[in-house]
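In the numbering used here, the protein residues as written are 11 to 317.
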């Protein structure tokens, strides 16, 4: 989205291998230092974590800067962060501030709390195949040969991990590549056709996207858009996702929908593999439509930034 708006993205890490409270404290200080150094007139803050918005709000009180809370679904529904939702919306109600969400269902919830809302699905751009297909992690090369499905996972509250692993077990002729930091319990329960990539490097992930026969974006939470779904759309890769209202509204009949059960996920993956060429054409056509729609959304945010 930053690229689409022509603004600078800033990433605040806080460090690895430390406790969560220490990491948030470091992020708090780093955010404050960054804001004092750059003195922005407008700040868009991804939510969660709430502490980043709170620190930016304190900055705005002294500087007069405008804020937008870019509220991912977790900011409304994740048990770890839902306690902060009223506070996020209270900050967003201040004059000039905004909430950014991905769909009308979340917009309605924010508007009911008195916030002014901008809706955008982020920033789609056509996927460029990697110039080199040499993996940083050589183990991923063999895993991504032939038919395989790619599931980018955060190992979060809304991902039906047990059902995904059982779905893989039911399709032994298909390789499944699962990204992210998988717990040992999942690794122990997985069948031989499952490969855990860990946190793949950016270049490795691009190769996986390029080679994937199908991308899976499975959730159990309503009102949840899927970044992996956008990535499938950009690459024109067949998508298996959940039959949630917002996902069906966005992907229409182009995606294959899977109930979040082992039977539903395995059947949908096999259908997407069988209809691969047709599904790729559908994703390519939908991509062009959505790029045209996003231009209006980007203009609305740009107009707010300039106001």
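Where a beta carbon is used, it is the ideal one built from N, C-alpha and C, also for glycine.
Limits of the unbroken beta strand (DSSP E) element including residue i
i	result
residue 305	Here residue 305 belongs to no beta strand (DSSP E); instead the alpha helix (DSSP H) covers 286 to 316.
residue 129	127 to 129
residue 105	No beta strand (DSSP E) holds residue 105; DSSP gives it neither H nor E.
residue 226	224 to 227
residue 92	Looking at the DSSP string, residue 92 is not in any beta strand (DSSP E), and its letter there is neither H nor E.
residue 207	204 to 208
residue 250	249 to 251
Status (buried if at least 16 other CB within 10 Å, exposed otherwise) for residue i
i	result
residue 143	exposed
residue 289	buried
residue 271	exposed
residue 89	exposed
residue 250	buried
residue 186	buried
residue 194	exposed
residue 147	exposed
residue 62	buried
residue 287	exposed
residue 21	exposed
residue 124	exposed
residue 165	exposed
residue 156	exposed
residue 259	exposed
residue 174	buried
residue 54	buried
Candidates the options: closest to residue i by CA position
i	options	result
residue 44	24, 113, 84, 280	24
residue 57	94, 39, 69, 253	94
residue 309	132, 223, 168	132
residue 169	202, 123, 275	275
residue 109	79, 86, 96	79
residue 184	245, 281, 258	281
residue 201	213, 217, 221, 178	178
residue 26	313, 18, 35	35
residue 208	199, 246, 189, 260	189
residue 244	229, 259, 258, 224	224
residue 214	39, 83, 101, 149	149
residue 204	236, 231, 160, 17	160
residue 180	279, 12, 55	279
residue 301	135, 73, 47, 283	135
residue 218	158, 91, 99	158
residue 145	241, 216, 197	216
residue 48	33, 73, 29, 31	73
residue 137	151, 130, 241	241
residue 285	299, 266, 298, 294	266
residue 11	317, 311, 198	311
residue 211	32, 255, 230, 140	140
residue 317	52, 29, 31	52
Close beta carbons around residue i, own chain, < 8 angstroms, minus the five adjacent residues each side
i	result
residue 262	296
residue 97	60, 64
residue 129	110, 111, 112, 113, 114, 117, 307
residue 171	163, 165, 196
residue 230	168, 169, 170, 252, 270
residue 86	92, 95, 116, 119, 233
Residues near residue i in its chain [Cβ-Cβ closer than 6 angstroms; skip 5 each side]
i	result
residue 70	77
residue 239	227, 249, 251
residue 116	233
residue 14	133, 308
residue 103	124, 125
residue 162	189, 238
residue 112	131, 235
residue 176	272
residue 294	246
residue 315	52
Residue i: first and last residue of the uninterrupted alpha helix (DSSP H) it sits in
i	result
residue 261	255 to 261
residue 40	30 to 48
residue 145	Element bounds for residue 145: n/a, residue is neither H nor E.
residue 186	Here residue 186 belongs to no alpha helix (DSSP H); instead the beta strand (DSSP E) covers 185 to 189.
residue 214	212 to 221
residue 80	Residue 80 -> not in any alpha helix (DSSP H); beta strand (DSSP E) instead, spanning 76 to 81.
residue 137	Residue 137 -> no alpha helix (DSSP H), and no H or E assigned at all.
residue 15	12 to 15
residue 57	That residue, residue 57, is in no alpha helix (DSSP H); its beta strand (DSSP E) goes 52 to 57.
residue 161	Segment 158 to 161 is the beta strand (DSSP E) holding residue 161; no alpha helix (DSSP H) there.
residue 233	No alpha helix (DSSP H) holds residue 233; DSSP gives it neither H nor E.
Residues of its chain near residue i, where Cβ-Cβ distance is below 7 angstroms and the 5 sequence neighbours each way are ignored
i	result
residue 167	88, 89
residue 292	264
residue 50	75
residue 151	145
Integer-rounded CB distance, given that residue j should sit under 8 angstroms from residue i
i	j	result
residue 192	residue 206	5 angstroms
residue 17	residue 67	The pair is not a contact, with the Cβ atoms about 19 angstroms apart (cut-off 8 angstroms).
residue 81	residue 120	7 angstroms
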